[in-house]
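Asks:
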Amino acid sequence: MARWLPRSTDLTRFCQKLNRVKTLEDDMMETSFNRCLSTIDLTLLGIGGMVGSGLYVLTGTVAKEIAGPAVIVSFIIAGFASLLAALCYAEFGARVPKTGSAYMFTYVSVGEIWAFLIGWNVLLEYMIGGAAVARAWSGYLDSIFNHKIKNFTETHVGTWQVPFLARYPDFLAAAILLVATAFISFGAKVSSWLNHVFSAISMGVILFILIMGFVLAQPRNWSAQEGGFAPYGLSGIMAGTATCFYAFVGFDVIAASSEEARNPQRAVPRAIAFSLGLATGAYILVSVVLTLMVPWHTLDPDSALADAFYRRGYAWAGFLVAAGSICAMNTVLLSNLFSLPRIVYAMAEDGLFFRVFARVHPRTQVPVVGIVVFGLLMALLALVFDLEALVQFLSIGTLLAYTFVAASIIVLRFQQQKVDIPAPAAGGRPSPEPHEGPSTGELKEYESFSDKLQLVDRDKSKEHREPGQLKAAFEPYLEFLSDFYPGEVVTVAVVTLMVSAICLCSILVFGNTHLHLPTWSYSLLLVLFSLGFLLSLLLIWAHEQQHSTQTFQIPLVPLSPALSIILNIYLMLKLSYMTWLRFAVWLLLGLLVYFGYGIWHSKENLREPRPQRVSARYVVFPSSSLEERVQAVQPGSQPAAGLPDTNTDDCKR
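In UniProt numbering, the protein residues as written are 1 to 653.
1) Just how far apart, CA to CA, sit I118 and D252?
2) Taking Cβ to Cβ, would you say G240 is nearer than 8 Å to V509?
3) Buried or exposed: N19, going by 16 or more other Cβ atoms within 10 Å of its Cβ?
4) Can we say the stretch 90-99 touches the stretch 278-298, given the rule of at least three CB pairs closer than 8 Å?
5) Are the C-beta atoms of G60 and some chain D residue less than 8 Å apart?
6) Out of V268, V73 and T291, state which residue places its alpha-carbon closest to the alpha-carbon of I254.
7) I'd like to check one pair, I569 with I502: are the Cβ atoms closer than 8 Å?
8) Do V332 and L210 have their C-beta atoms closer together than 8 Å?
9) For F92, does the three-state DSSP call read helix, strand or coil?
10) Can the beta-carbon of Y140 be found less than 8 Å from the beta-carbon of N336?
11) For the alpha helix (DSSP H) holding A306, just list the boundary residues, first then last.
12) From the DSSP output, read off the bridge partner residues of A261.
13) Write down every uninterrupted run of the alpha helix (DSSP H) in the stretch 514-574 whose length is 4 residues or greater and which is fully enclosed by it, in chain order.
14) I'd like the ranges of any alpha helix (DSSP H) spanning at least 4 consecutive residues and lying wholly in the stretch 469-512.
15) Are the Cβ atoms of S53 and S287 separated by less than 8 Å?
16) Who are the Cβ neighbours of L516 in its own chain at under 8 Å, not counting the five residues just before and after it?
17) Following the continuous alpha helix (DSSP H) through I211, name the residue where it begins and the one where it ends.
18) Measuring CB to CB, does L334 end up less than 8 Å from L194?
19) Buried or exposed: where does K462 fall if 16 or more other Cβ atoms within 10 Å of its Cβ makes it buried?
20) Taking Cβ positions, are I343 and S82 nearer each other than 8 Å?
21) Assuming T159 and E259 are in contact, meaning their beta carbons sit under 8 Å apart, how far apart are those beta carbons, in whole angstroms?
22) Spell out the partners DSSP gives F595 in its beta bridges.
23) If we require 4 or more residues per run, which alpha helix (DSSP H) segments fall completely within the stretch 67-146?
24) State the start and end residues of the unbroken alpha helix (DSSP H) segment that holds K22.
25) Which runs of the alpha helix (DSSP H) fall wholly inside the stretch 227-282 and span at least 4 residues, in chain order?
26) Leaving aside the five residues before and after A113 along the sequence, list all residues of the same chain whose C-beta is less than 6 Å from its C-beta, in chain order.
27) Please name the residue or residues paired with L165 in a DSSP beta bridge.
28) Could you tell me the distance, in whole angstroms, from the CA atom of A174 to the CA atom of L400?
29) Label V197 either buried or exposed according to how many other C-beta atoms from any shown protein chain fall within 10 Å of its C-beta, with 16 as the threshold for buried.
30) Could you name the residues of the same chain whose beta carbon sits closer than 6 Å to that of E442, not counting the 5 residues immediately before and after it, in chain order?
31) Please list, in chain order, all residues of the same chain as T496 whose beta carbon is under 7 Å from its beta carbon, the five residues on each side excluded.
32) With a threshold of 8 Å, are at least 3 pairs of Cβ atoms found where one atom belongs to the stretch 290-302 and the other to the stretch 202-222?
33) Beta-carbon separation of R270 and T39 under 8 Å?
34) For the stretch 468-484 against the stretch 550-560, do three or more pairs of beta-carbon atoms, one drawn from each stretch, fall closer than 8 Å, so that the two count as touching?
35) Mind checking V405: buried by the 16 CB within 10 Å criterion, or exposed?
36) Nearest to V494 by alpha carbon, out of S523, K471, V557 and P518?
Following this line, the structure appears as structure tokens:
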């Protein structure tokens, strides 16, 4: 029976396969895509992904039903929370200018299976999101013509009452997706130009709304007679923040497009900052003029802006608002169709998804197979499926991606930078330099024992410490942590921080409602998990991190990513249990794809280690003490017959 049980070495090797990280190319600017996008192109792509129909619908809904005029404060807080996640994407997009967004960022720092699951969830998120926007676009256009399109379809095609299917097929939504797919397949430049046109019209309409809105503003609409500025109090503001947070989902299209940027090290961080700032400003200012034009409690949640102008005697302005809304939804459609095939391409290029999706058209230089296939799937979703029940699924995939990207920032910042060792000349022997730091988890090789002594002397002088090592100021108090590899303690602390954040947010969300905890245990658990979160944060901060680089770095690490992590987890736990159930089913399907295909075809699985031809060398096993073992390593794996095994001889200093 025992022989059927897996050995510990097999389990260790299996876990290492699941957590292996992607090996990046030496020249990360080399790509099969066309690097043609400027900072302006990326900025408008980001604005198009964020400023969609939510500007015309979400502001009125939150103002009337959740926060009142204090929706302005909700957007400010939501914009700041989104900034934390956006800065993490900006650093990764500048350091790793490869397509794939959150999938790629997780792969290079956390591990393969986590990256696959993030990519798998983002894939469904974009498909459902694009299909839902297409149906909203169809419904908005249909409402302008008094629902004639809907009535014609129900009369001549028919209706059906089937679970998970729409009441009638939406041919208009499917058609707009097919047209958008055709434009996207023509190349990044055509997609960018089309996005420029729709974004310019949308921003022109927003500018008109702001000018006319401030002209028609009546400050008494914020007075106590109308309910005051914050009629629902602080709880209403925070509930509005949770809803408004999803309005800023879309800036990750910039990170997904970094492989097509001319200068991603500069363009990606600037585009994310500009687009998020402009989107936040647009949401805040539109909320101001909307709640000043008419009393907040009289707003029409379905068409707040158009109704506000109509009630103030400017019915013609409703047509401009409708045009702006349709153009804004077009930019969101383009954003979804632009990002999705590129994430699929990144997964296929790494061998984790079917290789056919890694094909790039030689003329247009875009993943045309992924664009066509997933454009058709998105059109099918919009044609026949009822997407209202699945829309909440969008949130959990996005928040999970934000969480892993924030954790990846901490792990990557406290890792040692990989040092490229040039290949030795033919016939020569390798000459490892003693002044180079070792990479985590590998044996340290030196030319002679005196080189090791020089390194130890320098380390003990504490003149220079590598990323991931304990800071000199904390060594007298945390000396027992010096025995670990650089970055190892930080990785464990990040896991502890995330577990503490999950437990803390679970108590906050479910403690009084579902768990019915008494006050003393509720308070005790809050204190314990808060201490675990803070201690993990302090332990990470006590280690050295990578300092100045040539690319953008998010400030206040690890505090900024940690705040993003706890906020994202809190918002995920606020979602319904049905969303989590569907999420679990989708994850199981993803695991079947990964273990059935991805783990075997992964490029990292097929990568063979390079043999090192050396006659003899010294290998020093890492340790914090001055006394270390030195072993002579022979090129052969087995000692010659009749000769003693020199690998077991060791010497002490």
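The C-beta atom is built at its ideal place from N, Cα and C for all residues, glycine as well.
All values derive from a computational prediction rather than experimental measurement.
Replies: Looking at the coordinates:
1) 13 Å
2) no
3) exposed
4) no
5) In the structure shown, chain D does not exist; there is a single protein chain.
6) Of the listed residues, the one whose Cα sits closest to I254 is V268.
7) yes
8) no
9) helix
10) no
11) Per DSSP, A306 belongs to the alpha helix (DSSP H) from A304 to R311.
12) L37
13) Counting only runs that start and end inside the stretch 514-574, the alpha helix (DSSP H) elements of at least 4 residues fall at 519-541 and 559-573.
14) You should have 488-510.
15) no
16) Note that residue 516 is His in the sequence shown, not Leu. Excluding the 5 residues flanking it on each side, H516 has no same chain C-beta neighbour closer than 8 Å.
17) A188 to V215
18) It is a contact, given that the beta carbons lie within the stated cut-off.
19) At K462 the pLDDT is 46, less than 50, meaning the model places this residue with poor confidence; the figure from the coordinates comes in the next sentence. When all chains shown are included, K462 counts as exposed.
20) No, the Cβ-Cβ distance between I343 and S82 is not below 8 Å.
21) Wrong, their Cβ atoms sit about 45 Å apart, outside the cutoff.
22) According to DSSP, F595 bridges with nothing at all.
23) Segments of the alpha helix (DSSP H) lying fully in the stretch 67-146: 71-95, 102-107 and 112-144.
24) Careful: K22 lies outside any alpha helix (DSSP H) and carries neither H nor E.
25) Here the runs fully enclosed are 233-244 and 252-256.
26) Strictly speaking, residue 113 in this sequence is Ile, with Ala absent from that position. Excluding residues within five positions, the ones whose Cβ falls inside 6 Å are L18.
27) F385
28) 29 Å
29) exposed
30) Confidence in E442 is poor, its pLDDT being 42 and thus under 50, which makes the residue's placement unreliable; the coordinate value appears in the next sentence. So no residue of the chain qualifies.
31) The beta carbon of T496 sits closer than 7 Å to those of G532 and S536, all from its chain and outside the five residues before and after it, given in chain order.
32) In this structure the stretch 290-302 touches the stretch 202-222; the number of beta carbon pairs closer than 8 Å is three or more.
33) Result yes, Cβ atoms of R270 and T39 sit closer than 8 Å.
34) At 8 Å Cβ cutoff, the stretches do not touch.
35) buried
36) V557
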